[in-house]
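One structure is given below, encoded as structure tokens.
Protein chains: 2
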Amino acid sequence: ARPRVGYYYTGKTSLQLVSDSIKKITVKEYQSIPVVVDKNVSVYDAICTMFLEDVGTLFVVDNSSILVGVLSRKDLLRASLGKQDLTTLPVNIIMTRMPNITFCEKDDNVYEVAKILIEKQIDAVPVVKRNGEQLEVIGRFTKTNITKALVDLIHEDM
Amino acid sequence: ARPRVGYYYTGKTSLQLVSDSIKKITVKEYQSIPVVVDKNVSVYDAICTMFLEDVGTLFVVDNSSILVGVLSRKDLLRASLGKQDLTTLPVNIIMTRMPNITFCEKDDNVYEVAKILIEKQIDAVPVVKRNGEQLEVIGRFTKTNITKALVDLIHEDM
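Note that the protein sequences, when read in sequence, are chains A and B.
Numbering-wise (my numbering), the first sequence opens with residue 1 and increments by one.
Numbering-wise (my numbering), the second sequence opens with residue 1 and increments by one.
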């Protein structure tokens, strides 16, 4: 019979408790503000925006905030190696576009998104809100956000 | 009196157990292979190396593997905005140099390094071995490694 005390054995190992804690954390608790550029801006202007906003990934939108592309530092660096004039090359030539964009939603679990970032070898994904067939960009979720979640998880305990 | 059963209350909360698990993980369990360039190579060649090796940070060394600088994607992108010819501009002009380089050692705790990456707003640090006054580069530790550690921690439980 279970001892009648104010606590009892839950049958969980410490690793299961770790998992339980982390699985409760959702994207919306750690997501960052998205930084977007219009699909018609030049690669040069996109690189400037990346510096001014101090982010590693830009989301490319049409004129109603609908996601049409993603630009990583890697995409922009690759373009800078080319012979083209960066001030006239439009970002929509070099961006990653649908259906190749990986994204997440605000109620997704941080752990699931972490797995996806590792599998796909990417640093960040847009957080989107579905609007029929279209995806509206509402946030940015990165390995920095995941690192922060991990640090907070332990910090709370100190 | 403590009930005499095969388990007992440890006085730890689940968050403390989370911390305990994570604090046991050291840098050497998750570090990556460092990618280095000589201090005399051009910015153009450094960007090419970054692509060939598929990394976000390069370490700059002198001819005996001693750390003299760090190059992030951001440093290289900034250089690409300038008017200089990237094929003749040497990396030692644009790199971050000592004493401004943040580094870690192989027995450091993943959590402590995670806190440093967040505080300093950087994506990666070299893992070094002290050799008198000099630092020999033996690894690379990044937010990707931290994300992997978090995913593994939970995955073990499934």
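Even for Gly, the Cβ is constructed at its ideal location relative to N, Cα and C.
Can you find the residues in the same chain that come closer than 8 angstroms, C-beta to C-beta, to residue i, ignoring five residues on each side of it along the sequence?
i	result
T88/A	S42
S21/B	L153
I33/B	G139, R140
K24/A	none
I146/A	Y30, V110, V113, A114, L117
N92/B	K39, N40, V60, V68, G69
How would you list, in chain order, the residues of chain A whose beta-carbon sits under 8 angstroms from the beta-carbon of residue i?
i	result
T88/B	None at all; the shortest Cβ gap to chain A is about 15 angstroms.
I22/B	V18, L150, L153, I154
List, in order along the chain, the chain B residues whose C-beta lies closer than 8 angstroms to that of residue i?
i	result
R147/A	In the sequence on display, residue 147/A carries Thr and not Arg. Under the 8 angstroms cutoff, chain B gives A114, L117, I118, K143, I146, T147.
V151/A	Y111, A114, K115, I118
Could you give the DSSP three-state label for residue i: helix, strand or coil?
i	result
I33/A	coil
K129/B	strand
V41/A	coil
I138/B	strand
Write down the C-beta distance between residue i and residue j rounded to the nearest angstrom, noting that I regard them as a contact closer than 8 angstroms.
i	j	result
L58/B	V37/B	5 angstroms
V125/A	L117/A	7 angstroms
I164/B	K129/B	Any answer about residue 164/B is impossible in this case: the structure gives chain B only from 1 up to 158.
Y30/A	A149/A	5 angstroms
E53/B	V35/B	4 angstroms
T102/A	K120/A	5 angstroms
M95/B	V55/B	No, M95/B and V55/B are not in contact; Cβ-Cβ is about 15 angstroms, not under 8 angstroms.
Enumerate in chain order the residues of its own chain whose CB-to-CB distance from residue i is below 7 angstroms, with the five nearest sequence positions on each side excluded.
i	result
I66/A	Q134, L135, E136
C189/A	With chain A represented from 1 up to 158, any question about residue 189/A goes unanswered, as that position is not in the structure.
Y44/A	L86, T87
K143/B	L117, D123
D62/B	K39, V68
A79/A	V43, L86, L89, I94
N100/B	none
For a contact defined as C-beta to C-beta under 9 angstroms, what are the partners of residue i on chain A?
i	result
F51/B	K74, L77, R78, L81
Please list, in chain order, all residues of the same chain as residue i whose beta carbon is under 6 angstroms from its beta carbon, the five residues on each side excluded.
i	result
D107/A	T26
S72/A	T57
I47/B	L76
G132/B	none
R97/A	G69
S64/B	none
Would you say residue i reaches chain E, if we count a Cβ-Cβ gap shorter than 8 angstroms as a contact?
i	result
I47/A	The structure shown contains no chain E; its protein chains are A and B.
Going along the chain, which unbroken runs of the alpha helix (DSSP H) with 4 or more residues stay wholly within the segment 50 to 112 of chain A? The alpha helix (DSSP H) runs lying completely inside the segment 50 to 112 of chain A and spanning 4 residues or more are 73 to 81, 91 to 94, given in chain order.
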